[in-house]
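Residue numbers (numbering that gives the first Met the number 0), protein chains in the order written: chain G, 0 to 150; chain V, 0 to 150.
Don't be surprised by glycine CBs; every beta carbon is placed ideally from N, CA and C.
Have a look at the structure below before the remarks.
Protein chains: 2
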Amino acid sequence: MSNGFELPLRLLMAFRVLIDALHEELAERGHPDMRPMHGFVLQAVARGADSAASLGRTLGVSKQAAGKTIETLEGLGYVTRVPDPADSRRKTVVLTGRGTDALRQSAEVFDELRARWAAELGAGRLDDLEDTLRRMTPGDLFRLDVPGWFG
Amino acid sequence: MSNGFELPLRLLMAFRVLIDALHEELAERGHPDMRPMHGFVLQAVARGADSAASLGRTLGVSKQAAGKTIETLEGLGYVTRVPDPADSRRKTVVLTGRGTDALRQSAEVFDELRARWAAELGAGRLDDLEDTLRRMTPGDLFRLDVPGWFG
DNA sequence: CTAAGATAGACAATGTCGTTGTCCATATAG
DNA sequence: CTATATGGACAACGACATTGTCTATCTTAG
């Protein structure tokens, strides 16, 4: 195999390793129905994408698709929609207690996973890894338009 | 933002950076209709997943889904199906000239991208990155069952 | 103030891509 | 030879995205 092939695959697998571990752990902590996508969406909502239209823009999908995703999350109990008093067209998307819990738990698990990596690699090597990745990736971390990108 | 959140996102973005650059370059080299998925499938075919059923197993999807993917790739001219003389149920999937060209070009571009990273980071840091990733990811690189995994 | 345009969200039709179930032809094992 | 497993095609369905259209509402220009 050529050299260059390995790097992207390792990056993807490392991501998968973390995300799979996250969701295994989340399932045991009361969030068995969370999917990788949902974490992204909840993050986006928490960061201000609090309507179908703005969520769609943040995620790089149509507002209709964003609306359906919100419906799904609403069905799972992670968000609610409340009418916006200042603009009666809008329905503001709000994280429920369960939603904020999911985010808090995700953060905890990610911190634990990072600690596990630090223990295995040594803190220095992990810091180096993060520094290197920071140098090779765009600064704005939250371009979350991942959904259909791969197909 | 908590510390642990950053690592997985950076890993994913680094992967995206490479894959986007690859396909931008591939488009200019005569493969504008290649999608990220297609590279994975062609790889799998080249590595011996030469029937709908075995491709499905390798990719972690049903044989029907694999069959449709093969049809698509066939329509794009990357593979052909030839009857297997030893087993008249099977139709062996074979890379066309265009298919092998796509793989060769991908390898070239990945090598160039890796060289670009080496130039920017220094060869030592890039080697460190790859070593670190190798330590944290499974050995068998070609578990390519990526398709629906994210949903 | 009013008219024009932009925006939020709902609804419908459609496309893509995965799934399961069924079926037939063919290999393979007992 | 017979029973079972396998490869591939076809059909029905579901998840999830798309575009287009519609109404209600907000915002801006004149």
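Close Cβ partners of Ala45(G) (< 7 Å) along its chain, the five nearest in sequence each way excluded: Position 46 of the first sequence, counting from 1, holds the residue named residue 45(G). By the criterion of a C-beta distance shorter than 7 Å, Ala45(G) is surrounded in its chain by Leu94, Leu102, once the five residues flanking it on both sides are discounted.
Opposing strand residues paired with Thr79(G) [DSSP bridges]: Stepping through the first sequence from its first residue, residue 79(G) is reached at position 80. Answer is Val93(G), bridged to Thr79(G).
Ser53(V), DSSP secondary structure in three states: Here residue 53(V) refers to the residue found at position 54 of the second sequence. In this structure, Ser53(V) counts as helix in the three-state DSSP scheme.
Any C-beta of chain G under 8 Å from that of Met36(V): For the purposes of this step, residue 36(V) is taken as the residue at position 37 of the second sequence. Interface with chain G (8 Å Cβ-Cβ cutoff): Met36(V) is included.
Gln104(V) versus Asp139(V) - alpha carbon distance: As a working note, residue 104(V) is residue 105 in the second sequence. As a working note, residue 139(V) is residue 140 in the second sequence. When rounded, the distance between both Cα atoms is 23 Å.
is_contact[Asp100(V), chain G] using C-beta, thresh 8 Å: Taking the first residue of the second sequence as 1, we reach residue 100(V) at position 101. With 8 Å as the cut-off, Asp100(V) does not count as an interface residue toward chain G.
Run of the alpha helix (DSSP H) containing Gly138(G), from where it starts to where it stops: Translated into positions along the first sequence, residue 138(G) becomes position 139. Here Gly138(G) belongs to no alpha helix (DSSP H), and DSSP marks it neither H nor E.
C-alpha gap between Glu119(G) and Pro84(V), whole angstroms: The residue given as residue 119(G) occupies position 120 in the first sequence. The residue given as residue 84(V) occupies position 85 in the second sequence. Approximately 51 Å, taken between the alpha carbons.
Range of the contiguous alpha helix (DSSP H) that encloses His22(V): For the purposes of this step, residue 22(V) is taken as the residue at position 23 of the second sequence. Element bounds for His22(V): 2-27.
Cβ-based neighbour list, Ala48(V), same chain, cut-off 6 Å, excluding 5 preceding and 5 following: As a first step, residue 48(V) must be located in the second sequence, where it is residue number 49. Cβ neighbours of Ala48(V) beyond the five flanking positions: Leu54, Thr57.
Beta carbon proximity, Ile18(G) to chain V, threshold 8 Å: Residue 18(G) sits at position 19 when you count from the first residue of the first sequence. It does: the Cβ of Ile18(G) has a partner Cβ on chain V nearer than 8 Å.
Short Cβ contact (8 Å threshold) for Leu75(G) with Asp32(G): Locating residue 75(G) in the first sequence gives position 76, where the first residue counts as 1. Locating residue 32(G) in the first sequence gives position 33, where the first residue counts as 1. Yes, the Cβ-Cβ distance between Leu75(G) and Asp32(G) is below 8 Å.
Cutoff 8 Å: Thr136(V) Cβ touching any chain G Cβ: In the second sequence, counting from the first residue as 1, residue 136(V) sits at position 137. So, interface residue.
Thr91(G) to Thr99(G) span [Cα, whole Å]: Translated into the one-based positions of the first sequence, residue 91(G) becomes position 92. Translated into the one-based positions of the first sequence, residue 99(G) becomes position 100. Near 16 Å, if we compare the C-alpha coordinates of Thr99(G) and Thr91(G).
Nearest neighbour of Phe149(G), chosen from Leu132(V), Thr79(V), Met12(V) [CA to CA]: As a working note, residue 149(G) is residue 150 in the first sequence. Comparing Cα-Cα distances from Phe149(G) to each of Leu132(V), Thr79(V), Met12(V), the minimum goes to Met12(V).
Cutoff 8 Å: Glu70(V) Cβ touching any chain G Cβ: In the second sequence, residue 70(V) corresponds to position 71, counting from 1. For Glu70(V), the answer is no, since every Cβ of chain G falls outside 8 Å of its Cβ.
Euclidean distance between Cα positions of Ala51(G) and Ile69(G): Your numbering for residue 51(G) matches position 52 in the first sequence. Your numbering for residue 69(G) matches position 70 in the first sequence. The straight-line gap from Cα to Cα measures roughly 7 Å.
Alpha-carbon spacing of Leu72(G) relative to His37(G), whole angstroms: Residue numbering aside, residue 72(G) sits at position 73 when the first sequence is read from its first letter. Residue numbering aside, residue 37(G) sits at position 38 when the first sequence is read from its first letter. Straight-line Cα distance between these residues: approximately 7 Å.
Where Arg46(G) sits in the DSSP three-state scheme: Reading the first sequence from its first residue, position 47 is the one you call residue 46(G). Arg46(G): coil per DSSP, three-state reduction.
Neighbour flag for Ala65(G) against chain V, beta carbons, 8 Å: To locate residue 65(G), count along the first sequence from 1; it is residue 66. Taking Cβ atoms only, chain V never reaches closer than 8 Å to Ala65(G), which makes this a no.
Span separating the alpha-carbon of Arg115(G) from that of Arg34(G): Within the first sequence, numbered from 1, the residue matching residue 115(G) stands at position 116. Within the first sequence, numbered from 1, the residue matching residue 34(G) stands at position 35. The alpha-carbon atoms of Arg115(G) and Arg34(G) are separated by roughly 22 Å.
Test: Asp32(V) CB closer than 8 Å to a CB of chain G: Position 33 of the second sequence, counted from the first residue, corresponds to residue 32(V). Closer than 8 Å: no.
Test: Gly3(V) CB closer than 8 Å to a CB of chain G: Counting from one through the second sequence, the residue named residue 3(V) turns up at place 4. Answer yes: the Cβ-Cβ gap between Gly3(V) and chain G drops below 8 Å somewhere.
Residue closest to Arg97(G), alpha-carbon to alpha-carbon, out of Tyr77(G), Arg89(G), Val81(G), Arg113(G): Residue numbering aside, residue 97(G) sits at position 98 when the first sequence is read from its first letter. Arg97(G) has its Cα closest to that of Tyr77(G), out of Tyr77(G), Arg89(G), Val81(G), Arg113(G).
Interface flag, Pro82(V) vs chain G, CB-CB below 8 Å: Translated into the one-based positions of the second sequence, residue 82(V) becomes position 83. Chain G, which has no Cβ nearer than 8 Å to the Cβ of Pro82(V), makes this no.
Chain V within 8 Å of Leu58(G), Cβ atoms only: In the first sequence, residue 58(G) corresponds to position 59, counting from 1. Answer no: the Cβ-Cβ gap between Leu58(G) and chain V never drops below 8 Å.
Phe109(G) vs Leu10(G) beta-carbon contact at 8 Å: Looking up residue 109(G) in the first sequence gives position 110. Looking up residue 10(G) in the first sequence gives position 11. Taking 8 Å as the Cβ cut-off, Phe109(G) and Leu10(G) do not qualify as a contacting pair.
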